[in-house]
Amino acid sequence: LGMNLPWSAFALLTLWPGFARRWDERGRRLLQALHCWTWPNLLFWSLIPSHSIRHSLPLCPGLAGLAGMVWANWVAGEEGRRQKAEGKRQKKPVVSSLPSAFCFLPSAFSSRRPPRILIGLLVLWLAVKLVFVEVVVPRRLQGRDARLKGELLAALVPEGNTLYLFRLKDEGIMFYYHRTVCRLPSPDQLPSSGEPLYCMLDRSEWSRWGTRADVESVRRLEDEQGDPMVLVKVHPQQFGSGKPPS
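Using the working numbering, the letters of the sequence shown correspond one by one to residues 174 to 419.
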């Protein structure tokens with residue numbers, strides 16, 4: 174929900190009792206479809222541990238749609254009140270004449286025109302995003318040096334060689350590595366080759382591989398969190414019989 178602010182805050186208003194009754198049959202079906210799309214997704218990704226933020230991106234259209242319906246209801250309510258004040262009547266209103274979903278807001282806020290408030294929220298949120306990108310993110314990344322470590326790794330691995338990973342997960346460094354990276358479920362899946370293979374190991378993998386005569390440590394590094402990782406070169410003798418290291 175925080176990732177989709179400020180729209181997720183307005184999407185929550187669709188859970189207000191009686192909100193669906195403000196719409197005609199087509200509007201209620203659309204609202205139901207958006208509810209069925211959004212909240213099961215939110216529940217699922219809230220329960221699944223260790224997932225990336227990008228996995229929950231399908232939530233965005235659902236939350237945006239719900240927020241859009243709140244704003245449409247508000248605009249229609251404001252238009253209805255304005256026409257009523259002018260003595261006009263709508264032929265076929267899309268929403269009922271019940272109070273707007275914003276009826277609980279302070280009168281000084283709810284009396285303003287919706288476009289002005291929408292523009293104000295967009296400007297405010299843009300300022301928040303700029304502060305986050307220009308101030309908060311650089312402070313978080315300070316000391317991680319993902320770009321520096323990625324470029325160093327690229328200098329250590331000969332060009333044209335694939336870098337193999339197993340349990341190590343550091344997408345930031347691999348992004349700045351700018352070379353071919355292949356993730357395998359285990360060392361048993363390493364291909365047979367007449368040339369040395371380059372692998373990046375975490376601490377537990379290095380503790381199992383470090384004593385092997387055919388595994389050479391090239392460089393000890395640290396990932397973005399400061400945990401140790403080791404770049405190793407596996408010599409081809411191990412693969413002559415087709416039996417990879419285990």
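Positions of the beta carbon are idealized from the N, C-alpha and C atoms, including for glycine.
Segment contact: the stretch 308-326 against the stretch 394-402, three or more CB-CB distances shorter than 8 Å; contact assigned. Cβ-Cβ distances below 7 Å link residue 237 to 180 in the same chain, with the five nearest sequence neighbours on each side left out; the list follows chain order. Considering only 198, 327 and 368, the residue with the shortest C-alpha distance to residue 354 is 327. Of all alpha-carbon atoms in 334, 356 and 201, the one lying nearest the alpha-carbon of residue 344 is that of 356. Just so you know, the alpha carbons of residue 291 and residue 182 end up roughly 13 Å apart.
Taking 9 Å as the cut-off, the beta carbon of residue 184 is found no closer than this to the beta carbon of residue 249. Under the criterion of beta carbons closer than 8 Å, residue 407 and residue 390 do not qualify as touching, at roughly 11 Å. Less than 9 Å separates the beta-carbon of residue 323 from that of residue 347.
Contact annotation: residue 405 and residue 374 have beta-carbon atoms nearer than 9 Å. No residue range can be given for residue 342, since it is assigned to no alpha helix (DSSP H) and is classified by DSSP as neither H nor E.
With fewer than 16 other Cβ atoms inside 10 Å of its own Cβ, residue 295 counts as exposed. Judged by DSSP in its simplified three-state form, residue 189 adopts coil rather than helix or strand.
A check of alpha carbon separations from residue 362 across 381, 338 and 312 identifies 338 as the nearest.
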